[in-house]
Amino acid sequence: MLRLWLLLLSCGGLASAEWERQVARFEPVPQADSVAAEFVFLNVGETPLVIRRVRSSCGCTVAEYEREPVPAGAGSALLVTFQFVRKHSLQRK
247 MLRLWLLLLS CGGLASAEWE RQVARFEPVP QADSVAAEFV FLNVGETPLV IRRVRSSCGC
307 TVAEYEREPV PAGAGSALLV TFQFVRKHSL QRK
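Counting with my numbering, you get residues 247 to 339 for the letters of the sequence shown.
Right, here's the structure in full:
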């Protein structure tokens with residue numbers, strides 16, 4: 247299970263994200279170096295939503311996202327990649 251905690255800061259305090267999903271579950275893939283999941287969201291607030299920082303619980307999980315504000319009513323996504331480097335057992339992130 248991969249969990250990603252986000253620090254969402256908005257312009258003016260009226261932006262709000264609605265996520266399609268907040269958890270991704272992966273099955274082991276032989277010889278895979280990494281797995282990725284896309285977390286799609288919609289800005290359901292009244293002002294542009296700005297993601298200033300995404301933090302994970304370790305350096306093996308990296309998120310890619312647009313640095314530009316997401317207008318009210320528009321959507322975007324985070325692409326989250328988990329690297330299997332030296333990971334040999336069940337992982338929860």
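Ideal Cβ positions, reconstructed from N, Cα and C, are used throughout, including at glycine. Bear in mind the structure is a predicted one, so any value in this text is a computation, not a measurement.
Between E314 and V296, what straight-line distance do the alpha-carbon atoms span, to the nearest angstrom? Using only the alpha carbons, I get a separation of about 7 angstroms.
Limits of the beta strand (DSSP E) - the one that Q201 falls within: Residue 201 lies beyond the range of the chain shown here (247 to 339); nothing can be said about it.
P261 vs T293 beta-carbon contact at 8 angstroms: The question names Pro, but residue 261 is Ala in the sequence shown. Judged by beta-carbon spacing, T293 lies within the 8 angstroms limit of A261, meaning their Cβ atoms are closer than that value.
According to DSSP, is S280 part of a helix, a strand, or is it coil? For S280, the secondary structure class from DSSP, reduced to helix, strand or coil, is strand.
Along the beta strand (DSSP E) that carries A318, what are the first and last residues, could you check? No beta strand (DSSP E) holds A318; DSSP gives it neither H nor E.
Could one say the Cβ of L288 lies closer than 8 angstroms to chain D's Cβ atoms, at least one of them? Protein chain content of the structure displayed is limited to a single chain, and chain D is not contained in it.
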